[in-house]
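Which chain is which? The protein sequence lines are A, B, C and D, in order.
Here the first sequence stands for residues 1 to 366, numbered as in my numbering.
Here the second sequence stands for residues 1 to 366, numbered as in my numbering.
Here the third sequence stands for residues 1 to 366, numbered as in my numbering.
Here the fourth sequence stands for residues 1 to 366, numbered as in my numbering.
Using N, Cα and C, we set each Cβ at its ideal position, and we do this for glycine too.
The structure displayed is predicted, hence computed values, not measured ones.
Structure record follows, encoded as structure tokens.
4 protein chains.
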Amino acid sequence: MRNTFGNVLTVTLFGESHGPETGCVLDGLPAGFAVDEEQLKADMAKRQGLPELSTARREADEIRIVSGLYQGKTTGTPLTIMIANQNVRRSDYDELTDKPRPSHADYTQYVRYRGYSDRSGGGHFSARLTAPLTAAGSLVKQMLVSAGIEIGTHVLCLGDLNDRPFDAVQPEIREISEKNPPVLEDAVLAEMKAAVAAARTEGDSLGGELETAICGLPVGIGEPFFDTVEGHFAKAMFAIPGVKGIEFGAGFELAKMKGSQANDPFVNREGKIETEANHSGGINGGLTNGMPVIFRTVYRPTPSIGLPQKTVRLSDGEETTLTIHGRHDPAIVLRAPVIQDAMSCLVIGDLLASFYGVQWLEKINR
Amino acid sequence: MRNTFGNVLTVTLFGESHGPETGCVLDGLPAGFAVDEEQLKADMAKRQGLPELSTARREADEIRIVSGLYQGKTTGTPLTIMIANQNVRRSDYDELTDKPRPSHADYTQYVRYRGYSDRSGGGHFSARLTAPLTAAGSLVKQMLVSAGIEIGTHVLCLGDLNDRPFDAVQPEIREISEKNPPVLEDAVLAEMKAAVAAARTEGDSLGGELETAICGLPVGIGEPFFDTVEGHFAKAMFAIPGVKGIEFGAGFELAKMKGSQANDPFVNREGKIETEANHSGGINGGLTNGMPVIFRTVYRPTPSIGLPQKTVRLSDGEETTLTIHGRHDPAIVLRAPVIQDAMSCLVIGDLLASFYGVQWLEKINR
Amino acid sequence: MRNTFGNVLTVTLFGESHGPETGCVLDGLPAGFAVDEEQLKADMAKRQGLPELSTARREADEIRIVSGLYQGKTTGTPLTIMIANQNVRRSDYDELTDKPRPSHADYTQYVRYRGYSDRSGGGHFSARLTAPLTAAGSLVKQMLVSAGIEIGTHVLCLGDLNDRPFDAVQPEIREISEKNPPVLEDAVLAEMKAAVAAARTEGDSLGGELETAICGLPVGIGEPFFDTVEGHFAKAMFAIPGVKGIEFGAGFELAKMKGSQANDPFVNREGKIETEANHSGGINGGLTNGMPVIFRTVYRPTPSIGLPQKTVRLSDGEETTLTIHGRHDPAIVLRAPVIQDAMSCLVIGDLLASFYGVQWLEKINR
Amino acid sequence: MRNTFGNVLTVTLFGESHGPETGCVLDGLPAGFAVDEEQLKADMAKRQGLPELSTARREADEIRIVSGLYQGKTTGTPLTIMIANQNVRRSDYDELTDKPRPSHADYTQYVRYRGYSDRSGGGHFSARLTAPLTAAGSLVKQMLVSAGIEIGTHVLCLGDLNDRPFDAVQPEIREISEKNPPVLEDAVLAEMKAAVAAARTEGDSLGGELETAICGLPVGIGEPFFDTVEGHFAKAMFAIPGVKGIEFGAGFELAKMKGSQANDPFVNREGKIETEANHSGGINGGLTNGMPVIFRTVYRPTPSIGLPQKTVRLSDGEETTLTIHGRHDPAIVLRAPVIQDAMSCLVIGDLLASFYGVQWLEKINR
């Protein structure tokens with residue numbers, strides 16, 4: 001349903017990049033969970049990214065929880081998160097009203113909403129909307145962590161620079177949990193920073209990949225035939241602006257593998273049925289199999305670049321040139337891990353709530 | 001919702017591999033469309049694949065439409081497709097009741113349904129379920145074609161053997177529409193057939209990739225923030241057994257590109273606003289931009305192989321060895337194009353119905 | 001969603017009065033429940049009504065379960081029920097193609113489906129569709145009964161003839177469980193039979209009311225703000241052809257009561273918090289309060305009557321006269337209790353599944 | 001879905017009676033509609049009721065629209081309405097924490113949310129939540145009115161005092177559109193005011209009925225089998241605190257009528273197919289038939305009364321006595337017409353959006 005995600009634990013998203021406030025409504029939370037607001041703030045700060053690596057638009061991103069929280073604990077009724085937009089500069093977008101930016105949502109939303117949507121800064125299609133999503137997902141993450149589930153996302157590559165991938169059987173989630181941007185190999189981070197600086201100087205931008213791992217999920221979660229674990233994660237990830245691909249386990253490498261290589265034989269590991277390798281990414285038949293869920297996403301290079309670009313005027317259809325002057329990230333992928341983590345938590349929370357019902361958190365604790 | 005896909009044009013799927021019948025219910029079809037049942041039969045035959053390339057289990061796959069069709073035309077009320085399972089051999093699966101096949105859904109469904117699901121041949125998780133989905137999607141495809149929309153899927157690669165990719169701006173859909181398996185380069189097909197024969201002899205299986213192109217969609221279709229075109233296709237594709245990844249446009253290649261390379265400048269092509277290249281795969285901000293929608297999926301090698309494999313007995317947790325004797329495809333990817341086409345049509349139909357409402361087909365015709 | 005009811009335990013309905021088969025798909029059932037097919041048959045027989053009281057169209061109503069049942073037990077995957085239409089007589093409806101029957105769905109569906117729906121016998125809008133619904137609901141009823149929940153419906157009135165209402169605190173469900181039609185006062189049944197016979201002779205029909213009681217529900221079930229227990233039951237009941245009103249507890253009588261009369265004071269009954277009276281019908285704030293859920297529905301008199309009626313020809317808009325010759329019930333309300341029971345069970349099952357999750361039946365058992 | 005209503009035009013509701021803010025998110029609005037904020041204010045004022053007739057809690061009910069509105073027009077993306085709670089007095093509810101008020105949601109939500117919900121003033125179950133719903137529905141009403149659809153609700157009865165019912169074929173909507181409380185017979189209003197004053201003096205409360213009429217709907221709107229027009233309205237109405245029954249057209253009177261009396265013969269009225277009478281309340285087979293949609297609801301007397309009442313302490317299960325000191329309405333039914341109007345508009349908007357798609361308002365205009 002458009003701006004509502006999830007079947008049982010749902011998030012409804014609203015707001016525009018340059019409107020007064022953005023926010024979201026979380027419905028289906030268990031009652032009685034003590035929310036750590038300091039941790040939420042820390043996660044929001046991570047999303048801002050390092051000043052030298054990201055957009056010049058700085059927002060306080062202060063979270064107001066206006067419903068669903070009472071005496072510091074969730075009530076079980078809808079929890080609403082509001083975030084004010086403060087550092088708004090509409091004038092940056094005056095020229096863009098008539099000149100759609102290539103590979104942005106300017107043209108498509110112009111047609112869809114017949115010119116009436118608020119397109120400043122991308123409007124409702126802006127990455128700004130990931131602020132309330134990050135807050136919501138981070139809140140759910142606190143619940144998951146309390147139930148022994150671990151989630152982590154790192155920058156697998158930025159342009160040509162590659163981090164070491166997670167170990168598919170024992171992903172090193174704890175190694176990256178405190179880092180920002182999170183990478184397994186510290187050496188590559190310095191190179192990444194240099195690459196971003198260079199891209200900014202060139203007026204260009206960089207793409208990359210993120211890798212997420214989730215440990216501690218029960219076996220048999222997921223809702224086939226259509227609400228597979230893969231499909232549910234995929235739908236959520238494609239809502240993050242810039243994501244254009246996703247793969248689970250060995251992913252596209254599976255095309256070149258034979259069944260005898262790709263199959264994950266079952267083994268008995270200390271009394272638990274597990275698989276030897278994890279080419280399936282923790283999912284068989286759309287259901288969790290108890291191994292870590294592992295997936296990778298690709299983020300396109302930020303479409304906002306400083307270089308002149310060809311476009312067409314909406315008013316008369318004439319081809320013309322456009323130079324973007326707004327404040328943008330040369331590499332959104334460095335800020336995206338906390339967003340991807342948060343979206344993953346919304347997915348996991350919904351899968352668990354679908355399985356365990358209203359008091360899902362308490363049930364999984366046992 | 002589990003076994004129902006779509007928001008407005010929905011398909012509800014049921015059946016097991018070795019149960020009496022499989023089928024599905026299509027709801028949200030427009031009234032008054034004359035269904036070509038011969039074309040449906042032809043599509044069902046494509047899904048069977050070439051005898052020498054696929055499973056020894058041959059099914060007539062005769063379609064019975066038991067509701068929603070009157071005097072050859074859709075009524076607008078739910079249309080139900082039934083397909084009997086005839087060539088059933090449960091005894092092939094006796095050993096498997098206690099020994100889950102690696103990378104199949106045997107173990108996960110055993111846990112999820114606490115041993116009560118009918119696991120013969122994969123049960124409800126079997127690729128057998130793609131038979132009614134193919135019928136349903138092919139029926140919707142007839143509607144889309146009548147409205148000037150073209151859909152085509154080809155085998156982009158099988159193991160190490162590669163077909164030529166679609167031209168992203170003018171995909172050669174018509175070149176492959178009559179072929180089975182569909183490939184752009186006929187030369188590669190002979191090699192693919194030989195590779196499948198070799199894999200069968202070895203008792204092994206092959207993975208591969210499919211590429212789908214869709215032309216003729218209106219601009220602005222899709223339902224952000226969460227029901228993006230990418231997300232909606234992805235969720236549908238991951239429901240096809242064996243799919244482990246999906247990418248749109250330039251996909252994972254975008255990680256290595258700069259914004260100045262990846263962006264698709266707007267041009268005026270004979271009075272229409274289009275883009276010069278199509279690295280975005282026809283989608284910006286989750287909405288169609290009028291260019292061809294292009295995506296690629298990866299199919300894991302069929303997990304059923306003839307070679308002995310390690311597994312664990314469910315009854316006592318002991319590690320043991322398993323040899324699968326059932327009838328299986330060494331390369332499901334060769335049969336999957338018509339399935340992926342059909343699923344794509346269910347996605348497109350739902351996107352259009354969400355946009356245009358109950359009489360969506362007539363509206364888009366205009 | 002149109003032909004799918006429920007959020008977690010869902011039923012998808014299909015078929016037409018004179019098509020080959022009707023049926024439905026139940027999704028969200030727990031795995032491992034042993035279905036009593038003899039009991040299903042008995043419930044289907046109840047729906048047929050007594051021969052002397054109902055339509056001359058007799059159907060075997062044989063149930064085929066084609067998926068979701070294995071070795072007599074539910075698998076947890078979609079369970080599909082098929083019922084063939086055998087006693088079909090389309091010729092009865094020839095005249096009606098151009099002359100819509102007053103207060104039937106003929107005219108509205110003609111407009112909605114632009115003349116393409118199969119209107120024989122009401123088509124998809126026929127009470128014939130309650131056959132698969134009754135089967136589905138009766139199956140769920142077996143589950144509820146196993147968990148200690150009791151459901152019963154009786155004929156509260158037929159025209160001017162009234163049965164005694166349920167005791168709101170201790171409804172006499174067991175007294176009517178074996179009766180068909182179910183009434184608390186046997187004396188009134190003879191009068192009802194005579195009234196039906198008289199109406200048939202006059203070529204006229206009778207309306208009436210049903211009353212349903214449900215005991216044994218846990219406290220706190222329901223999903224406010226919008227999926228209230230009242231709202232969920234109401235939506236289901238209005239899907240039964242002929243229902244035009246519903247009231248809970250004291251219902252419309254509450255308009256004339258003062259708060260001091262209408263309120264249900266809390267009492268401690270053998271250690272349980274209960275209410276003294278039950279004017280609220282077991283529901284406060286849209287959630288069950290542990291008291292019996294009680295509601296009443298009104299069924300309009302069957303619109304099919306033998307007397308001549310005014311109508312308008314669809315072809316030219318001319319006013320004309322119509323006499324209906326089909327086989328119809330003079331008082332559908334006598335056959336409806338088992339239908340209303342079944343629909344209630346679908347509602348309760350969905351409420352419980354929403355609360356307890358996938359293994360809802362086992363959870364509530366404890 | 002719990003706190004989200006609607007299939008295509010959806011409203012997501014949040015907030016508590018004594019929390020900082022309540023609000024809602026409207027998704028599925030057409031783009032480009034100029035919202036009349038003055039009219040919204042006027043509708044909010046109507047909901048407050050006359051000071052002498054309603055609660056002593058006075059709220060400014062100032063509406064902030066924080067998304068989805070740009071330059072005074074809807075953008076087509078989610079529109080969010082926020083309303084601050086200002087006149088909050090938690091201390092009124094201290095005693096109630098342990099003593100559930102009879103026939104309120106205190107006990108049921110205590111069990112459901114295991115003591116963690118914010119129960120002051122009813123919390124999330126409070127009629128306070130109808131403030132944002134009224135704002136949302138009134139906004140949609142502006143759209144409907146612009147398309148020639150008329151909606152009106154009047155107080156049909158308050159206790160024993162009755163207003164004249166609507167003419168079912170030509171309901172006198174315009175006669176009551178400016179009145180507050182709206183009644184057709186002005187004479188009865190003075191009696192109603194006196195009755196409310198008397199009830200307040202007695203420390204008691206009154207119930208009543210409302211009647212709603214909707215004119216100008218197209219024929220064939222509604223989504224059978226389950227999303228009937230009756231069912232969709234019913235579900236919405238039962239979300240309004242205090243509603244315990246609903247009936248359409250002749251409603252419960254139909255139980256006593258014969259088919260020959262209840263049926264609505266078709267006539268040709270100035271070239272349009274209409275019905276002579278309107279016992280069906282404008283709905284046949286769950287679809288609109290072009291006649292006015294007419295329904296009546298019953299509101300229980302406000303459960304908050306000043307008289308002492310029996311209850312049970314949650315802490316120890318002991319029976320005790322409770323006297324409510326909060327600020328409450330002796331007759332919510334007088335304030336409810338604008339709420340019922342607003343909820344009706346949300347229902348109608350959703351039915352139209354389901355039928356006509358994204359640009360539903362423009363389509364229906366034609």
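- Here His104 of chain A is near Asn284 of chain B, since their CB atoms are less than 8 Å apart.
- When secondary structure is reduced to three states using DSSP, Phe233 of chain D falls in the helix class.
- Only buried fits Asn3 of chain A, as 16 or more other CB atoms lie within 10 angstroms of its CB.
- Given a length threshold of 3 residues, each whole run of the beta strand (DSSP E) inside the region 36-103 of chain A is given here in chain order: 63-67, 79-84.
- In this structure, Ala34 of chain A lies near Lys73 of chain A, with their beta-carbon atoms less than 8 Å apart.
- If one requires a minimum length of 3 residues, the beta strand (DSSP E) runs lying completely within the region 301-327 of chain B are 309-312, 319-322, in chain order.
- Contact note: Gln340 of chain B does not reach chain A at a C-beta cutoff of 8 Å; the least C-beta distance is about 14 Å.
- For a cut-off of 8 Å, the C-beta gap from Met343 of chain D to Leu133 of chain D is around 6 Å, short enough to register as a contact.
- Close to Val267 of chain B, with beta-carbon spacing below 8 Å, are these residues of chain A in chain order: Lys310, Val312, Glu319.
- Look at the region 249-283 of chain B and you find these whole runs of beta strand (DSSP E), each 3 residues long or longer: 266-269, 272-275.
- With contact defined as three or more Cβ pairs closer than 8 Å, the region 17-28 of chain C and the region 248-257 of chain B are not in contact.
- DSSP, reduced to helix, strand and coil, places Gly121 of chain D within a helical segment of the structure shown.
- The count of Cβ pairs closer than 8 Å, one atom from the region 6-15 of chain A and one from the region 109-121 of chain A, stays below three, leaving the stretches out of contact.
- Below 8 Å, enough C-beta pairs join the region 285-305 of chain D and the region 93-113 of chain C to call them touching: three or more.
- Taking C-alpha positions only, Glu319 of chain C is separated from Glu270 of chain D by approximately 12 Å.
- Neighbours of Phe166 of chain D in chain B, taken as residues whose beta carbon is under 7 Å from its own, are absent, since the nearest beta carbon is some 30 Å off.
- Here Gln109 of chain C is buried, its C-beta having at least 16 other C-beta atoms within 10 Å.
- Here Leu156 of chain D has Asn162, Asp163, Pro165, Gly208, Glu209, Leu210, Glu211, Arg296 as same chain residues with Cβ atoms under 8 Å from its own Cβ, once five neighbours each way along the sequence are excluded.
- For Val155 of chain C, the uninterrupted beta strand (DSSP E) segment begins and ends at 150-158.
- Under the three-state reduction of DSSP, Tyr107 of chain C is assigned to helix.
- In this structure, the beta-carbon distance from Ile294 of chain A to Gly249 of chain A falls below 8 Å.
- If you draw a 10 Å sphere on the C-beta of Glu178 of chain D, you find fewer than 16 other C-beta atoms in it, and that means exposed.
- One finds Phe355 in chain D with Cβ atoms closer than 7 Å to the Cβ of Val358 of chain B, taken in chain order.
- With at least 16 other beta carbons inside 10 angstroms of its own, Pro241 of chain B counts as buried.
- With a threshold of 8 Å between beta carbons, Tyr93 of chain A makes no contact with chain D.
- Within the same chain, and ignoring the five residues on either side of Asp341 of chain D in sequence, the residues whose Cβ sits closer than 6 Å to its Cβ are Ile151, Thr153.
- For Arg296 of chain D, no alpha helix (DSSP H) run applies; the uninterrupted beta strand (DSSP E) run containing it begins and ends at 293-299, by DSSP.
- With contacts defined by Cβ atoms closer than 8 Å, Gly76 of chain D and Leu139 of chain D do not form a contacting pair.
- Cβ-Cβ separation between Lys99 of chain C and Thr302 of chain C: approximately 18 Å, too far for a contact (criterion under 8 Å).
- Any Cβ of chain A closer than 8 Å to the Cβ of Arg174 of chain D would place that residue at the interface, and such an atom is absent.
- Out of A:Glu276, A:Lys41, A:Ile246, A:Ile348, the CA that lies nearest to the CA of Tyr299 of chain A is found in A:Ile246.
- Taking 8 Å as the CB threshold, Leu189 of chain A stays off the interface with chain B.
- Chain D has no Cβ within less than 8 Å of the Cβ of Met257 of chain A.
- Val25 of chain A sits in a strand when the DSSP states are folded into three classes.
- Flagged as an interface residue toward chain C: Thr4 of chain B, by a C-beta distance shorter than 8 Å.
- Under the 8 Å Cβ criterion, the region 166-173 of chain C does not count as touching the region 185-195 of chain C, having fewer than three qualifying pairs.
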